[in-house]
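Protein chains in written order, with our numbering: chain A, 1 to 201; chain B, 202 to 827. Below: one structure, written as C-alpha cells.
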C-alpha cells in the first residue's frame with residue numbers, strides 16, 4: 001500500500017496540454033485592416049438583417065405557445081354523464097406510478113351513498129404534484145378511463161401542502177381540450193401488438 | 202412407506218408411495234396449477250386444471266391431483282397435449298368469470314389471474330353473455346360471496362364437511378348453473394368460517410372486514426402468532442399505512458395446520474381504533490410517563506395484600522418475567538388475577554404435543570368447550586377422528602360440535618362431577634384395548650370442576666390406559682405465566698388499590714378500590730374515575746413471546762410500529778420498577794429473554810435468538826402460454 005501511494009505524483013498531470021484545443025494561428029501574412037473591417041461589416045449585416053425577420057419570442061406569461069394536443073399536464077378525475085365518478089378505487093394507477101405519488105384508499109358503495117357505479121369507489125384520491133413526473137402511466141393503467149392528464153402546466157403554488165391534490169380538486173370540471181386530448185391519444189394506441197403482455201418466455 | 206422413483210419433466214424424483222403427482226412435482230419446483238386440490242383436503246378432481254400426460258397411462262391428459270405416483274412413471278407436464286389441455290380448461294373457467302379484477306379483493310394474489318398468465322391463452326374468445334348473479338352476498342358478518350367469480354372448485358364446501366364438520370355451506374343447482382350457498386340462506390355461524398377465504402382460489406369468498414381496505418401489493422406482512430387463545434396459531438399480519446388491515450393463517454403443521462379460527466382472523470379492528478389511548482393521563486389530565494408512573498407507584502406502593510393486580514390474558518413471557526420481579530420485590534403480597542385463565546394447575550412436566558393428537562387411537566375430551574376455548578385443537582381432534590379413524594369420548598354437560606360425528610361417545614356429566622366420570626372411564630370398552638396412543642384433553646369446565654380432583658383423575662386414567670395428558674389452558678400465555686408464577690387466581694374483593702392491566706377485571710372494579718391505575722389500549726367505562734390511565738400496546742405492536750398450551754415458546758413480530766408516546770410494556774415495567782425502587786435496567790427485550798431463560802427452565806427456548814423470517818417454499822415456475 002505504502003509503495004502504491006508513494007508512486008502517485010503529488011499533483012496529477014493535467015489531462016489537457018497547455019495549447020490543446022487552442023486554434024492554430026493562421027499561417028502567412030496578415031491580410032490587412034481593410035479585410036478586418038469587411039469581416040466586421042459582414043457580421044453586422046447578419047445582425048442587422050435579423051431586425052427585419054419576424055419575431056419568434058413568445059412574451060410568456062402574457063402570450064403562450066400552442067401545445068401539442070397530446071400534452072400531459074395536471075390530472076383530472078372524470079365523471080360519467082349522470083354525475084357518478086368513474087374512479088372505482090382499484091389503485092392500478094398507484095401501482096403503475098413510477099414515483100409513487102398517488103394514494104388511493106377505497107371504500108364500498110352502498111345504496112345510500114353511491115359514489116361510483118359498481119361496488120367500489122375511491123374514498124381518498126390524492127396526487128402529490130411535487131413528485132409527479134407527468135408520464136401518464138396512471139392514465140394508461142386506468143381500466144375505466146377515470147384519470148386523465150389535462151393541458152395545464154402552470155401549477156406553481158405557495159406551499160408544499162397545496163401540491164397534494166385531493167379528490168375534490170381532481171374532480172374539478174375539465175377544460176374542453178381534455179376531450180380533444182383523449183381523442184388524440186386514442187388515435188395513437190399502445191405500440192404493443194395485440195395480445196402482447198410481456199409474458200416471460 | 203416404500204419410496205417410489207419416477208421422472209417428472211426429466212427430473213428424477215423419489216417420494217413415498219401414495220404421494221400424488223401434483224405433490225411430487227412440487228418437490229422439484231414444478232408448478233402444476235390446481236384449483237380444487239388442496240393439500241389439507243381430500244382430492245376430488247373437480248376442476249381438471251392439473252391435467253398432465255404420463256406413461257404408462259392412457260393416451261389422454263390425466264389429473265395430477267388424483268393420481269398417485271407409480272414406480273417408473275414418466276410424467277410430462279410440458280407435452281403439447283398437457284399444455285393445451287390446461288389452457289383449454291382455463292378458457293372454460295373464464296367463460297363466466299366476470300372481468301372485475303380491478304375491484305376484486307383477490308386481484309394481485311389470485312391463482313386464477315396467475316394461472317391464466319402462466320398457463321392460459323393470452324386472448325379471450327368469449328364474447329357472449331356471461332352468467333350473472335346478485336353480488337356481493339353477505340354469507341355472514343365477516344364473509345362476502347360473489348357467485349359470478351366462483352370456479353366451483355368446492356374447496357369451501359369440502360373444508361366445511363371434512364375439516365370443520367359443519368353443514369352450513371353447500372352447492373345448489375346443477376352443471377353450469379351451480380352456485381355456492383349457505384344452508385337455507387342462513388348466515389354462517391361456524392367459528393371456523395374464515396378459513397374458506399384463504400382456501401378460495403378466486404375472489405368468490407372475501408373478507409368483509411378487510412373489504413376494499415387495500416390491494417395486496419400495498420401491504421407489508423409479518424409472520425407472527427395469534428394472541429386470542431392458548432393454542433398459539435401462526436398467523437401472517439398485514440399492515441398498510443401503520444394500520445393492521447388483515448390477518449391470515451400461516452401453516453405450521455405442529456400447531457395449526459394452516460387453519461385459524463374466526464376470532465383470530467377477524468377480531469383485530471381495535472388495533473386501528475381512532476379512540477385508542479396514546480398518552481398517559483393523571484385524573485384525566487395529560488401527563489408525561491414519568492409523572493404518571495410516579496403517581497402509579499405512589500398509589501400502589503406498600504399496600505401489601507390491599508393491592509390488587511389484574512393481568513391481561515395475553516401478557517408475554519418477558520412481561521410476565523418482569524412482573525415476577527415486581528411481585529418478588531416492592532409489590533410483595535399483592536393479589537393477582539389473570540384474565541381468562543383456567544383453574545388448571547401448572548403442568549408437572551412436559552405434556553402431550555398438539556401434533557400427537559393425530560396419532561391417537563382414542564381421544565378423551567373432558568370438561569372443555571373445546572370449540573370456543575381452543576378452537577384449533579378442536580379441528581385437530583376432528584381430523585384425527587374423520588381422517589385417521591380415532592375414537593372419541595367427550596365428557597361435558599352440554600352439547601358440543603364434536604357430537605356431529607355419530608360415533609362420538611358423549612357422556613353428559615353433572616356440573617362439577619367430571620372427575621367421577623373420568624374415573625369410570627377406565628372400564629369403558631373403547632379404552633379396554635385402544636390399539637395405540639390415548640390422548641386425554643382436559644379443561645376446567647369454565648371453573649365448575651374441582652381441578653385438583655379432575656387433574657388427578659385424568660392422571661390416573663392416563664396411567665391406566667397408557668395415555669398422554671393435554672391440559673387445555675385458555676388464556677393466551679397462561680402456561681408461560683404459570684411457569685413464572687404470575688398467573689394468579691386470587692379474588693380481588695376488598696382491595697384498596699387496583700392496577701388493572703388490560704381490560705378491567707371480569708367481575709368489575711371492586712367497590713372497595715380507592716386508587717385505580719388502568720393500563721389499557723382502549724378507553725373504557727370507569728376510566729374517568731381512574732387516578733392514572735396508562736396507554737398500552739396491542740398484540741400488533743408487541744415484541745416478546747408466548748408459551749402455548751403444549752409448552753412451545755413462539756415469538757411475536759410486531760407488524761405495526763409503535764409511535765411515541767406509546768411505549769412497550771417491558772419498557773413501562775422497567776420504569777415502574779424504578780419508580781417503586783426496584784432496579785430493573787434492561788436495555789432491550791433480548792436481555793430480558795436471556796435472563797428469563799436462565800432463571801426459568803420452562804422458558805429455556807427464550808435464550809435462542811428468535812428465528813428469522815420463515816423460509817418460503819421454492820417459487821413454482823410454470824410454462825408460458827401455448
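Even glycine gets a Cβ: it sits at the ideal position worked out from N, Cα and C.
Review point. Which residues bound the beta strand (DSSP E) around residue 120 of chain A?
Key: 120-128
Point to revise | Spatial distance of residue 585 of chain B from residue 433 of chain B (CA atoms) | key: 20 Å
**Study point:** Selection of the stretch 288-317 of chain B by Cβ proximity to chain A, strictly under 7 Å
**Key:** 303 and 304
Exercise for review: Anything in chain A within Cβ reach of residue 254 of chain B, meaning under 9 Å, just list it in chain order.
Suggested key: What residue 254 of chain B touches in chain A: nothing, since even the nearest Cβ is about 22 Å away.
Check your understanding: Which residues of chain B have a Cβ atom closer than 7 Å to the Cβ of residue 100 of chain A, listed in chain order?
Key -> The premise fails here: residue 100 of chain A is roughly 11 Å from chain B at the closest Cβ pair, so nothing lies under 7 Å.
Practice item. Specify the secondary structure class of residue 201 of chain A as computed by DSSP and reduced to three states. Key: Per-residue confidence for residue 201 of chain A stands at a pLDDT of 38, beneath the threshold of 50, marking its modelled position as unreliable; no derived number is given.
Practice item. Let me know the secondary structure DSSP gives residue 295 of chain B once reduced to three states. Key: coil
Practice item. Would you kindly work out how many angstroms separate the C-alpha atoms of residue 37 of chain A and residue 99 of chain A, rounded to a whole number? Key: 58 Å
Practice item. Would you tell me roughly how many angstroms separate the C-alpha atoms of residue 456 of chain B and residue 272 of chain B, rounded to the nearest one? Key: 34 Å
Check your understanding: Count the other CB atoms within 10 Å of the CB of residue 514 of chain B; is the residue buried (16 or more) or exposed (fewer)?
Key -> buried
Review point. What number of angstroms, rounded off, separates the C-alpha of residue 593 of chain B from the C-alpha of residue 661 of chain B?
Key: 19 Å
Review point. Would you call the CB atoms of residue 710 of chain B and residue 699 of chain B closer than 8 Å?
Key: yes
Review point. Within the 8 Å Cβ cut-off, does residue 92 of chain A reach chain B?
Key: yes
Point to revise | Those residues which DSSP pairs with residue 640 of chain B across a bridge | key: B/564 and B/669
Point to revise | Simplified DSSP state of residue 137 of chain A, which is helix, strand or coil | key: helix
**Study point:** Short-range partners of chain B found in the stretch 107-123 of chain A, where Cβ spacing is below 8 Å
**Key:** 107, 108, 118, 119 and 120
**Study point:** For residue 641 of chain B, the nearest candidate out of B/634, B/633 and B/667 (CA to CA)
**Key:** B/667
Review point. Are the stretch 504-523 of chain B and the stretch 484-494 of chain B in contact at 8 Å, needing three or more beta carbon pairs?
Key: no
Check your understanding: Run through DSSP, which three-state label would residue 165 of chain A get?
Key -> strand
Exercise for review: Can you grab the Cα-Cα spacing for the pair residue 14 of chain A / residue 20 of chain A, in whole Å?
Suggested key: 11 Å
**Study point:** Among B/565, B/231 and B/217, the one whose alpha carbon lies nearest that of residue 209 of chain B
**Key:** B/231
Check your understanding: Can the beta-carbon of residue 732 of chain B be found closer than 8 Å to that of residue 506 of chain B?
Key -> no
Practice item. Rank B/337, B/299 and B/304 by C-alpha distance to the C-alpha of residue 331 of chain B and give the top, closest one. Key: B/299
Check your understanding: Buried or exposed: residue 66 of chain A, going by 16 or more other Cβ atoms within 10 Å of its Cβ?
Key -> exposed
Check your understanding: Would a C-beta distance cut-off of 8 Å place residue 424 of chain B and residue 451 of chain B closer than the cut-off?
Key -> yes
Review point. Leaving out the 5 sequence neighbours to the left and right, which residues in its chain are closer than 8 Å to residue 175 of chain A when beta-carbon positions are compared?
Key: 150, 151 and 152
Exercise for review: Spell out the partners DSSP gives residue 383 of chain B in its beta bridges.
Suggested key: B/370
Practice item. Measure the C-alpha to C-alpha separation of residue 398 of chain B and residue 291 of chain B and round it to an integer number of angstroms. Key: 21 Å
Check your understanding: Mind checking residue 59 of chain A: buried by the 16 CB within 10 Å criterion, or exposed?
Key -> exposed
Check your understanding: Does the count of Cβ pairs from the stretch 631-638 of chain B and the stretch 561-572 of chain B closer than 8 Å reach three?
Key -> yes
Review point. Cα separation between residue 289 of chain B and residue 327 of chain B?
Key: 12 Å
Check your understanding: Mind pulling the chain A residues with CB within less than 7 Å of residue 168 of chain B?
Key -> Beyond the ends of chain B as shown, which are 202 and 827, falls residue 168 of chain B; an answer cannot be given.
Review point. When the Cα of residue 102 of chain A is compared with those of A/46, A/108, A/135 and A/63, which residue comes out closest?
Key: A/135
Check your understanding: Along chain B, which residues have their Cβ under 8 Å away from the Cβ of residue 88 of chain A?
Key -> 303 and 304
Review point. Is any heavy atom of the ligand GTP found at a distance shorter than 7 Å from the C-beta of residue 615 of chain B?
Key: The ligand content of the structure shown is nil, which means the ligand GTP is not present either.
Review point. Of all Cβ atoms in chain A, is any one closer than 8 Å to the Cβ of residue 412 of chain B?
Key: yes
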